[in-house]
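**Student:**
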Amino acid sequence: MIDFDKNPNVVALCKKIITLQGEKVRVESIEASLHQKLENAKRDRADVVSNVVLNVATKLVQSDDMEPFDITKVKGYRSSYMQEHTKAGNDLTTATFPFLTDIVADPYASVEATSSPALMYPPPHVISATAASLKAQSLPLV
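In this note's numbering, the protein residues as written are 2 to 143.
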């Protein structure tokens, strides 16, 4: 039999194995320290987030205690903005829409009543009369 302890290839492989085992231990220790740093960073981040949330909540409560917002104190504000806004709102509340009076006779009627098919589509005889008059208008004069 061959004595493996004296074979140079086997001796080189044994040295390589010992070197790789040492490298493995070193990498595992680095990995453990990186995991520890990561956990510390997560803990620090949680502390920062909790402090920020607490500070923001405190500022919101304090802002509620402050005087109410007054738009007239805003730089560049013109009083005509408020007048125009109020006038537009008043115009909208008093606006009338004549094209709706044909469809909705009762402004307080329910949606179902105003959107019934009978109101949306005219009877067939009206459609045919309208179509005939349109057809007569579109015929060229000879």
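Glycine included, each C-beta is placed from N, C-alpha and C at the ideal position.
Among residues of its own chain, excluding the 5 on either side of Tyr-78, which ones have a beta-carbon nearer than 7 Å to its beta-carbon?
**Tutor:** Ile-72, listed in sequence order.
**Student:** Need the endpoints of the alpha helix (DSSP H) that Tyr-82 sits in, please.
**Tutor:** Tyr-82 -> alpha helix (DSSP H) spans 80 to 94.
**Student:** Quick check on Val-75: does DSSP put it in helix, strand or coil?
**Tutor:** Val-75 falls in the coil class under three-state DSSP.
**Student:** Quick one: grab the DSSP three-state call for Phe-5.
**Tutor:** Residue state, collapsed to three classes: helix.
**Student:** Would you say the beta carbon of Pro-9 comes nearer than 7 Å to a heavy atom of the ligand FAD?
**Tutor:** The ligand FAD is not among the ligands present in this structure, which contains no ligands whatsoever.
**Student:** From Thr-95 to Ser-80, what does the alpha carbon distance come to, in whole angstroms?
**Tutor:** Going by the C-alpha atoms only, they are around 23 Å apart.
**Student:** For Glu-29, name the three-state secondary structure that DSSP assigns.
**Tutor:** Reduced to three states, the DSSP call for Glu-29 is helix.
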